[in-house]
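Below you'll find the structure, written out as structure tokens, and then a few comments.
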Amino acid sequence: MAPPPPPPAWEHQPQLHGVVIITLPPPDQPSKGKTITAFTYSDDPGAPPPPQEPAMGYPVAPGGRRRSRRALSARRVAAFALVLGALAVAAYYCFYSDVAVQFLGMEQEEAHKERNETRSFLLPLYPKARQGRALREFGDVKLAAKRVDDGGRKAANKMEVRKAAAAGTNSTALLPIKGNVFPDGQYYTSIFVGNPPRPYFLDVDTGSDLTWIQCDAPCTNCAKGPHPLYKPTKEKIVPPRDSLCQELQGEQNYCETCKQCDYEIEYADQSSSMGVLARDDMHLIATNGGREKLDFVFGCAYDQQGQLLSSPAKTDGILGLSSAAISLPSQLASHGIISNVFGHCITREQGGGGYMFLGDDYAPRWGMTWTSIRSGPDNLYHTEANNVKYGDQQLCVREKAGNSVQVIFDSGSSYTYLPNEIYENLIAAIKYSSPGFVQDNSDRTLPLCWKADFPVRYLEDVKQFFKPLSLHFGKKWLFMSKTFTISPEDFLIISDKGNVCLGLLNGTEINHGSTIIVGDVSLRGKLVVYDNQRRQVGWANSDCTKPQTQKGFPFFL
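Going letter by letter, the sequence shown gives residues 1330 to 1886 in my numbering.
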């Protein structure tokens, strides 16, 4: 019989054991601190006692020693570095970001508004029905310039309006917007004026100072609109001494003997509107059911010329949204009804539409890109772009360092206009990068239309063959660029012939050869906010389907 196998070697080896003892100080003497004792012992009775050493700087009991500290792992080092980086970014954001500074002020503003029962108003943007007209005229361009001379058509048609047939809380008005870039080239909303309130559809125009409604005073030249003409009574006519009249006319046109405030406005597309200032009640309905009534000054327009006579019969006038004192946001702010902030959001969806708001409740507290509004005599929303690119290709050749391109945000322009140099460089870049598209001169929808070598029905069929156009406005913090990106679907139009037409036009056609005018075609799919209090304009991508108020402050953006 074979002897049994010997036991494993590890059974005869002495085993090493570790013990840690933590002793807390007496409750009445916490200053003594706690004591940590760590030691090991072996099963081998003949083994010498291990050397003693202090553990973590605390007294060590006799016979004990501290276990060796394990080296930091790479994972722990990476996690520690990540935490430090996050804290650094958060600290920078909190101490140096203008948004953080604004937020601190917004918290105080929100608390103040809550005490004053803040209300919000919503205005939809409405889509126009297709009229079947060509847009060879490049659509409407509502960059307004008031006439300060007293000659020409104004003197010949100047008339006294004949007698026709018989606030206090901060709020935000939110209005729906309707319309489309093609084929109508306009977006409009609805307001209510008079007693009793009557609806009027007005084109939304950030490039105009004055809000005007077609007027039976009587009317000399008026387009056929969706509603009856506004009929002012004699007491509704604004006198020349009114401060808003003097701002609109200019001091050199002040007339002490006149009985009314006459005006004439010319637009960049050579259209014009003539009329007199009137004052009547504007009615706004809040989202919480409350109502506001504003003593509103607007234009009673009795003589329209140019595109204003051929526009689709869907609007009754223009809603002026510039930074001028006579604009609608400024009048609402001067009465303490809203903050002088407003915005619009135009959807990319078929049929157009969207919403606009008056006041700051629907202006996002974060996630926006902001750039400063430059001061100017025309009250438009001027900004400056440092660079313009098509994809990665630079289109703006700057002769010397520091040169910039003027940019105007104009919701009254159907399309986007570029300076001649940038426009020519863009066309060359598109032709080089998209050789499969051949220009079709027989398509008069827009100045430049291409025929693809495959059937085209929707923008999704072709947008991958084009690159985005980007306007760069300097740096956001230290490393992030302030960029307004115009995607291919925001500058391309599919014509009735199935061609791809360019919604970016040469500014020399409207005598703006050195300025970028960002129009409706490139404002779609973005929430754009005009903050006249802080003199800045901002934007963020949005589907523009549901306006939301934002409160609170996120730790990370």
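Cβ coordinates follow ideal geometry from the N, Cα and C atoms, glycine included.
- In this structure Val-1626 is buried. Its beta-carbon is surrounded by 16 or more other beta-carbon atoms within 10 angstroms.
- Beta bridge pairing from DSSP links Gln-1634 with Ser-1601.
- Counting the other CB atoms within 10 Å of its CB gives Gly-1618 a total below 16, which places it among the exposed residues.
- Counted as a single uninterrupted DSSP element, the beta strand (DSSP E) harbouring Cys-1830 occupies residues 1829-1831.
- For Cys-1725, the three-state secondary structure derived from DSSP is coil.
- Bridge pairing for Pro-1453: Tyr-1684 [DSSP].
- Counting other Cβ atoms within 10 Å of its Cβ, Gln-1633 reaches 16 or more and is therefore classed as buried.
- DSSP, reduced to helix, strand and coil, places Val-1406 within a helical segment of the structure shown.
- In the displayed model, Ser-1810 falls within a strand according to three-state DSSP.
- Apart from the 5 residues on each side of it in sequence, Asp-1645 sits with its Cβ closer than 7 Å to the Cβ of Tyr-1529, Phe-1530, Leu-1531, Ile-1542, Gln-1543, Gly-1554, Pro-1555, His-1556 in its chain, given in chain order.
- Excluding the 5 residues flanking it on each side, Cys-1629 has same chain C-beta neighbours closer than 6 Å at Cys-1544, Ala-1546, Pro-1561, Gly-1604, Val-1605, Ala-1607, in chain order.
- The three-state secondary structure of Ile-1667, taken from DSSP, is strand.
- In this structure, the straight-line span from the alpha carbon of Phe-1795 to that of Glu-1585 is close to 59 Å.
- Looking at the backbone, the Cα of Lys-1780 and that of Val-1767 are separated by about 5 Å.
- The Cβ atoms of Leu-1687 and Pro-1658 sit closer than 8 Å to each other.
- By the 16-neighbour rule on beta-carbons within 10 angstroms, Met-1809 is exposed.
- A distance of 8 Å or more separates the beta carbons of Leu-1833 and Phe-1813.
- Gly-1765 counts as exposed, since fewer than 16 other C-beta atoms from the protein chains shown sit within 10 angstroms of its C-beta.
- Burial of Ala-1597 is indicated by the presence of at least 16 other C-beta atoms within 10 angstroms of its C-beta.
- Around the beta carbon of Gly-1680, fewer than 16 other beta carbons lie within 10 angstroms, which makes this residue exposed.
- Counting C-beta pairs with one atom in each stretch, the segment 1859-1866 and the segment 1783-1792 have fewer than three that are closer than 8 Å, which means they do not touch.
- Its chain contains Cys-1674, Gly-1854, Lys-1855, Leu-1856 as the residues whose beta carbon lies nearer than 8 Å to that of Ser-1871, once the 5 sequence neighbours on both sides are disregarded; these appear in chain order.
- For Met-1697, DSSP records no beta bridge to any residue.
- Tyr-1719 and Leu-1755 have their C-alpha atoms spaced approximately 7 Å apart.
- Here Phe-1802 is buried: its Cβ has 16 or more other Cβ atoms, across all protein chains shown, within 10 Å.
- Residue pairing by DSSP puts Leu-1606 in a beta bridge opposite Gly-1628.
- Asp-1571 has its alpha-carbon roughly 18 Å from the corresponding atom of Ile-1594.
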